[in-house]
Amino acid sequence: MTIVINVNDKPQAIEADPSTPLLYVLRNELALHGPRFGCGLGQCGACTVHVDGRPTFSCLLPIAAVGERKITTLEGLLEDGKPNKLQQAFIDEQAAQCGYCISGMVMRAQALLRANPSPTDGEIRKHMRPNLCRCGTHAAILRAIKRAAAGQEKRL
Amino acid sequence: MNARFSPSRRDLLRGTGACVVAFSFTAPVVDALAQDFPAPKSVALDQVDTFLAVDAKGMVTVYAGKVDLGTGVRTALTQIVAEELDVAMANIYVIQGDTALTPDQGPTYGSLSIQNGGVQIRQAAATARAALLVQAAARLGAAPDDLGIENGAVSAKSGGGTVTYAELVAGKYFDLKVDPAAPTKKPADYKIVGKPIDRLDIPGKLTGEFTYMQDFRVPGMLHGRVVRPPALGATLENVDESSIKDIPGIVKVVRDGNFLGVVAQDEWSAVRAARVIATTWSKSETLPDQAKLWEHVRATKILKDDVTSNIGDVGAAIAADGRKLSATYDFAIHTHGSIGPSCAISEFKDGKLISWSSSQATHNLRKQLAKMFSLPLDDVRCVYVDGSGCYGRNGHEDAAGDSALLAKAVGKPVRVQWSRADEHGWDPKGPPTLIDLRANVDAAGAVTAWESEFFIPQGAAGLVDLVAATLADLPADHQLSPGGIVNDSAIGYKFPNIKTVCHRLETTPFRPAWIRAPGRMQNTFANECFLDEIAAAVQADPLEYRMKHTDPADKRALDVLDRLATLAKWDKRPSPQKSITGNIVKGRGCSYVKYELVRTYVGTVAEVEINRATGEIRVPKFYIVHDCGQIINPIGVKAQIEGCVIQTISRTLKEELTFDRGMVTSLDWASYPILTFLEVPELEIELIDRPTEKPWGAGEPTAALVASSISNAVFDATGVRLRSVPFKPDKVKAALQSA
Amino acid sequence: MHEGVDRAGRQLYPAFPYDHFTKATDDDIHALYVFLMGQPPVPNAIPANKLEFPLNFRPLVAGWKILFLREDPLPRDASKSPEWNRGRYLVEGLGHCGGCHTPRNILGAEEKGSAYSGGAAEGWQAPPLNSKSLAVHEWTADQLAEYLSTGWSRWHGAAAGPMAGVVNDLAQAQSKDVRAMATYIASLSPQSGSNVAAPAPNKQVPGTSADVIAIFSGACANCHDDRNDVGPSKTVSLALSSAVRQPGSANAVRAILAGIQPPPGAPGAYMPAFADMLTDHQIASLAEYVRARYTNEPQWTDVSQQISNARQ
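Written as structure tokens, this is what we have:
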């Protein structure tokens, strides 16, 4: 069955079972590797994408439920193929160890910065809480988000 | 020229443009390499060609047996080679963990990638450089001393001509033995090593272009999922295949003994099928009662004793007059908890097996797969593709075994992705550790005897049986390999009489393997807390007490402790602090180790806040002073230290495997919670860089100190000692109440 | 606490449940006082009430009390165990469980004669604890003790909404007191050992749209998987779920929208929040599908209303 979904501003015709969670469609049918499989239970955030701009677990969103809503993945944040301000802040802060959780972190943080361009440390931590990192990169991720918020140019 | 490698493989790397593809981290790198099965090669560790190649364009390929697990090692190795060969980093590419191409430098564990692997590669590069200079001198008619190298081009400083590595090597091998005496670059001349160079792989990880094992695809591959027994040791009695008849694209249900897997055309079908397939298993209860775990450990049969230190005469000294202290410490069973569950792809072609996974030890995995399928070693190839962090021997190898078994059954490449329950339930575990300590302290407050006993499973860091082999009853080595867990049972402090004994237990509840700082973490926890108990008993400042009993000749040790006191603005006084009132109390605690008594020096201080009503511990601040000798990349070392601290605070405060009599019950993040953003401390790190010293490991040592720094800080805050990891609120409350 | 008056002698509104607290002993009230007075003071401006006439006329409460406040202490029931008596004291007194679990009359007082027949709190339904219970498996004292101290029972589900706060606090209480409460509450229902018949698993629900079935399969079935008694994250079978069995859909709807959290920082049951993932229409269809598939009870008629209430 064909379902059309809007991903990174492009309509995509997907041939897949309608119960297929969006995550698998993004990764397999569309070869978008930003969102990742971490648990399939909505507990870790590695699969986080934006649905109409809101951070959402794509592992639990069947494509039958997407409808007209717009999906954005990590790839969709790129500006002219280059990292956007937040992605660049992560690179500048070297905020990744294994990096597996990072796409989810960026998607989650991007939503915060759009709604609140100058969040406090406490607001950032609370907002990021649903996303897990096992390597212990949290401190660097917080630095990266603050760097993007502050719009700093040089490395802290 | 000795063609040690088959021409087809070499050509693949140099001539066909696959090399250019390989330079981009962001492309699915190994496509070109993947489908070829090269002739066997020897990868002797004393040959330059084992580690390095220079192609016709002057591109340098590094063959590393050590792999980048998210640690930045790939970048660090690139820095080392760039420095020794004076080649730009952009012209160097590291191939890692491919048993057909890279040497066996030992598994990537033990914080040895730079210390051993990097040093080997450095020496090979230094040998190559010296040989290239000799050739260049002849070519240019100049003296070797007169030559300078810039990005792989050699010229005489006094002028006249340039010759490039590409021209010198001219498509040949070095055919050189690694010369241990070949001069390496002087640290004073370093331009790349020791510098905060950005990691090569990070940009791709931020744009979505980086290819993880979970993203890797092989043409024609099918999707597999495993269906594990509901309890350890349960036998598969019945499978009703009709229960999945409504799921499209099912290729095969694979049953082999107690191994069960489903293979499908698309991934979601495989997931659903594994979820709904109707099975019947026998009942099986092979685990001890979790509530009586420590009685079980203590009662487990001891196969032998490893006496890891025996100084003076502890028997007499411990019995002599003095103040006697004793304590028992325990450390729970932990799981690796990799954020990306294990994934592997295997393919049988003409009876040969190729398996891609994120194994930290592909040469070992290769032996295991060869044994499992009764294949000659040369017919098995294991290729490393970056996965999510593993922190030790997690499920990566097991996923490889699963995918190989399924690939064999269906005759096509099969990708297996473990579920979260597979990962939490079936990866090997850090075994439970029980430790008794005793000391005798004289009237002057000096330790006259220190005696400790460690109850830990037998075995070292060897092969860990593959789950698929066990379930399908296929050949395996059947050994327990918990890791080098006797390490750091001995202590570095100077006491006149010390005896440390490890009782090696015949069994342990789950399949054990190493998790970050295995043994070293548990043992150092007990040692550094017990030392603190003694310091408190004699009313000594704990940091000063450590300095006092460190070998005065060990200047680096004393330097670390000294700087720690400054960095943490250490308040010099005995513990506990004097103001134990109100609900919230604060304290500070320190610990120190010279890792394994022979290498990296670390000192840490934890600041904690305890809520005495709820038993909750907060760690708002953590200080670390770290001396690992020559630092290759300070960003990399800092990242490892931060990771060590944050991950281990999680293990210390929250983590504990739960299980019933049959199986693990903590099968997801809700039942095995880890640290979240709300609980991450502020970290202050001081790196001591000693470029003229050996480069030692940084991936683990700091982790070994976290639990004791926190326990010591809790004691400072409350006067109560926490001796059992994890320090969960109900344990803390119970300890506070019984004080 | 006993009489429902403040220190100036003014009437207190029974939103402060002194109709229950009146049963507490003087010793317990004194202990509470000592504890509260030992907490560090904080500056706090008490907001003014926003009540409409005539409710804003405090002296009217005196009339309410004449009708509904019984200040006499609970007499011991010698025919029951000390544990039962202790449980009754806690449940009827400080625990004030009836404050949510008993329906209220038009004057806002608990309906005499309907004690524990079910009530409401903060938009959620507090299920019946007496013979009117709709559970498939009767709540035994053991199940209640487990549920009250951990917030989860494999036979009924996880504590959510205001009850989550209750069980988080009860986790800190002495287990013998929790046990006593469980014993008393269990005694409110017949304990006949008989269970309600649950529908067959995989019951077909004719007329369900393919979309809803697909959404259930992709979003819910990974955890709510009929194969297992208990699914991942301590998922309880929907056929047993207390929320699914209530006469109104409030609890099920709220669980789908907001999910269920483990106790802070500790292991426990978890359900993701679907509020941002699924539309109201999708959630409504799912809720009705689950009700039809997993119970033999009449279909809910209030689903859209409950979703809209919860979204406020």
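Residue numbers (numbering that gives the first Met the number 0), protein chains in the order written: chain A, 0 to 155; chain B, 0 to 738; chain C, 0 to 311.
Where a beta carbon is used, it is the ideal one built from N, C-alpha and C, also for glycine.
Using C-beta distances below 8 Å, list every residue in its chain close to residue i, excluding the 5 sequence neighbours before and after it, in chain order.
i	result
A/N7	L31, I70, T71, T72, E74 and G75
C/L133	P126, P127, V195, S241, R244, Q245, P246 and E296
B/I338	S387 and G388
B/S373	P474
Using the Cα positions of residue i and residue j, report the straight-line distance between them to the nearest angstrom.
i	j	result
A/A110	A/R53	6 Å
B/S710	B/F347	52 Å
C/A120	C/A242	14 Å
C/D18	C/R244	30 Å
B/Q646	B/V409	40 Å
A/I144	A/C132	15 Å
C/Q311	C/D279	13 Å
B/F22	B/A438	Here B/F22 scores only 30 on pLDDT, less than 50, and its place in the model is too uncertain to base an answer on.
B/T657	C/R9	53 Å
C/S284	B/T70	47 Å
B/S263	A/T19	The sequence given here places Ala at residue 263 of chain B; Ser does not occur at that position. Distance between the alpha carbons of B/A263 and A/T19: 14 Å.
B/I332	B/G429	5 Å
B/A169	B/A63	23 Å
B/Q576	B/S707	17 Å
C/G97	C/Y115	6 Å
B/M546	B/A318	27 Å
Alpha carbons only, please: which of the options is nearest the one belonging to residue i?
i	options	result
B/S241	B/T278, B/E266 and B/Q264	B/T278
B/Q289	B/P672, B/S707, B/P680 and B/T664	B/T664
B/S308	B/R689, B/R510, B/I687 and B/V500	B/V500
B/D214	A/A88, A/R107, A/A147 and A/R26	A/R26
B/A459	B/T447, B/V42, B/A734 and B/R519	B/R519
B/I191	B/S723, B/E236 and B/T77	B/T77
B/S356	B/I246, B/I623, B/D472 and B/G388	B/G388
B/P725	B/R650, B/A75, B/V597 and B/P495	B/R650
B/L205	A/N115, A/I123, A/T119 and A/P82	A/P82
B/P195	B/K251, B/G159 and B/I79	B/I79
A/G121	B/N610, B/E681, B/A733 and B/A702	B/E681
C/M162	C/L143, C/A274, C/I212 and C/Q304	C/L143
B/V177	B/A89, B/V270, B/A130 and B/L302	B/A130
Among the residues of its own chain, which have a CB less than 7 Å from the CB of residue i, if the five just before and after it don't count?
i	result
B/G147	S154 and K156
A/V24	I13, A15 and I62
B/E532	L324, A326 and R720
B/T25	Any reading at B/T25 must be qualified, since the residue scores a pLDDT of 37, below 50, and its modelled position is unreliable; the value itself is stated next. Closer than 7 Å at Cβ, skipping near neighbours: G203, E208 and F209.
B/H335	C389, Y390, G391, N393, D426 and I514
What does a CB cutoff of less than 6 Å around residue i pick up in its chain, not counting 5 residues either side in sequence?
i	result
A/A45	R35, G37, C100 and G103
C/A238	A197 and Y293
A/I140	A94 and M104
B/A152	T161 and T163
C/A159	A254 and I259
### Message
Using 8 Å as the cut-off, can you tell me whether the region 684-701 of chain B makes contact with the region 105-118 of chain B, which would need three or more C-beta pairs spanning the two stretches below that distance?
### Response
They touch, by the three-pair rule.
### Message
Three or more C-beta pairs under 8 Å: does that hold for the region 402-411 of chain B against the region 339-354 of chain B?
### Response
The region 402-411 of chain B, when compared against the region 339-354 of chain B, does touch it at the 8 Å Cβ threshold.
### Query
Got a sec: which bits of the region 13-37 of chain A sit with their beta carbon under 8 Å from any beta carbon on chain B, in order along the chain?
Here the close residues are A15, D16, S18, T19, P20, Y23, R26, N27, L31, H32, G33, R35, F36 and G37.
### Query
Name the residues in the region 199-221 of chain B whose C-beta lies less than 9 Å from a C-beta of chain A; which are they?
Within the region 199-221 of chain B, the qualifying residues are D200, I201, P202, G203, K204, L205, T206, G207, E208, F209, T210, Y211, Q213, D214 and R216.
### Task
Name, going along the chain, the residues of the region 246-268 of chain C whose beta-carbon falls closer than 8 Å to a beta-carbon of chain B.
Those residues of the region 246-268 of chain C that come within reach of chain B (Cβ to Cβ, closer than 8 Å) are P261, G264, A265, P266, G267 and A268.
### Message
Short of 9 Å Cβ to Cβ, which residues in the region 666-686 of chain B face chain C?
### Response
Residues L666, D667, W668, A669, S670, Y671, P672, T675, L677 and E678.
### Task
Determine, using beta-carbon pairs with one atom in the region 492-499 of chain B and one in the region 434-452 of chain B, whether at least three such pairs fall under 8 Å.
The region 492-499 of chain B vs the region 434-452 of chain B: in contact.
### Task
Please determine if the region 218-227 of chain B and the region 267-281 of chain B are in contact, where contact requires at least 3 C-beta pairs separated by less than 8 Å.
Contact between the region 218-227 of chain B and the region 267-281 of chain B is present, because at least three Cβ pairs lie under 8 Å.
### Message
Against chain B, which members of the region 222-241 of chain C pass a CB distance test of less than 8 Å?
### Response
Under the 8 Å Cβ criterion, the region 222-241 of chain C contributes D224, R226, P231, S232 and K233.
#### Entry: Three-pair Cβ contact test at 8 Å for the region 298-318 of chain B versus the region 361-373 of chain B
Taking 8 Å as the limit for Cβ pairs, the verdict is that the region 361-373 of chain B does not touch the region 298-318 of chain B.
### Task
Check distances from the C-beta atoms of the region 410-432 of chain B to those of chain C and list, in chain order, the residues that come in under 8 Å.
Across the region 410-432 of chain B, CB contacts with chain C closer than 8 Å involve R419 and A420, in sequence order along the chain.
#### Entry: Cβ contact (3+ pairs, closer than 8 Å) linking the region 146-155 of chain C and the region 172-191 of chain C
Touching, yes, given that three or more Cβ pairs across the two stretches are closer than 8 Å.
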